[in-house]
Amino acid sequence: MPIIEWNENYSLGIDPFDDHHHHLIDLLNTTYDDITAGEPEAHLASVLDELIDYACYHFAAEENWMKENGYPQAAEHVQMHDRFSLKIVSMDNEYSAGSHHLSLELVTFMKEWLLNHILKADADYAVFIAQKNAGQGIALEL
Ligand SMILES: [Fe+2]
Ligand SMILES: [Fe+2]
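In terms of our numbering, the sequence shown opens at residue 221 and continues consecutively.
Here it is as structure tokens:
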């Protein structure tokens, strides 16, 4: 049973990032299912690594896009990604060192952070780009 159901509130209207968020949610659901199904540790470790790698890939894509588009809150946004990445990498290291109970804690933490982040911080850049594009539209019509 998935821990997250996709909900239209998570849609930003920006294709690559909506696709990334969908994929992250799929990976979180798969990881959760594998943990609760009692899959072997080696498998869980690789699923967790894939989830963390994909999160890092997504953050880098968002950060490049923000810089290219002159998003004024890019620096704060990067800090949020960095703090989160440090936390999950350190939890993953503890997990790899033998704290296997951390797998569920890691997935739950990622789920809560990610949904909150999409709805607030990511939604803010979607508003910014919509306003920027609307402004350009008016300028082009003049
Ligand atoms: Fe995002
Ligand atoms: Fe983000």
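Cβ coordinates follow ideal geometry from the N, Cα and C atoms, glycine included.
- Residue Y345 holds the alpha-carbon nearest to the alpha-carbon of N284 among A354, P222, Q351, Y345.
- Contact between H297 and A341 holds: CB atoms are separated by about 6 Å, below the 8 Å threshold.
- Assigned with DSSP and collapsed to three states, S319 falls in coil, not helix or strand.
- When the Cα atoms are used, W226 and A281 turn out to be separated by approximately 21 Å.
- The Cβ neighbour count for V309, taken over all protein chains shown within 10 Å, is under 16; the residue is labelled exposed.
- Residue state for P236 is assigned as helix, using DSSP reduced to three classes.
- Spanning the alpha carbons of F279 and H301 requires a straight line of approximately 7 Å.
- By the neighbour-count definition (other C-beta atoms within 10 Å, threshold 16), Y277 is an exposed residue.
- If you check the C-beta of F237 against ligand 1, you find a heavy atom less than 7 Å away.
- Around the Cβ of L306, a 10 Å sphere holds fewer than 16 other Cβ atoms; the residue is exposed.
- When N313, S316, E288, H337 are compared, the shortest CA-CA separation from Q299 is found for H337.
- Judged by DSSP secondary structure, W285 falls within the alpha helix (DSSP H) whose first and last residues are 261-288.
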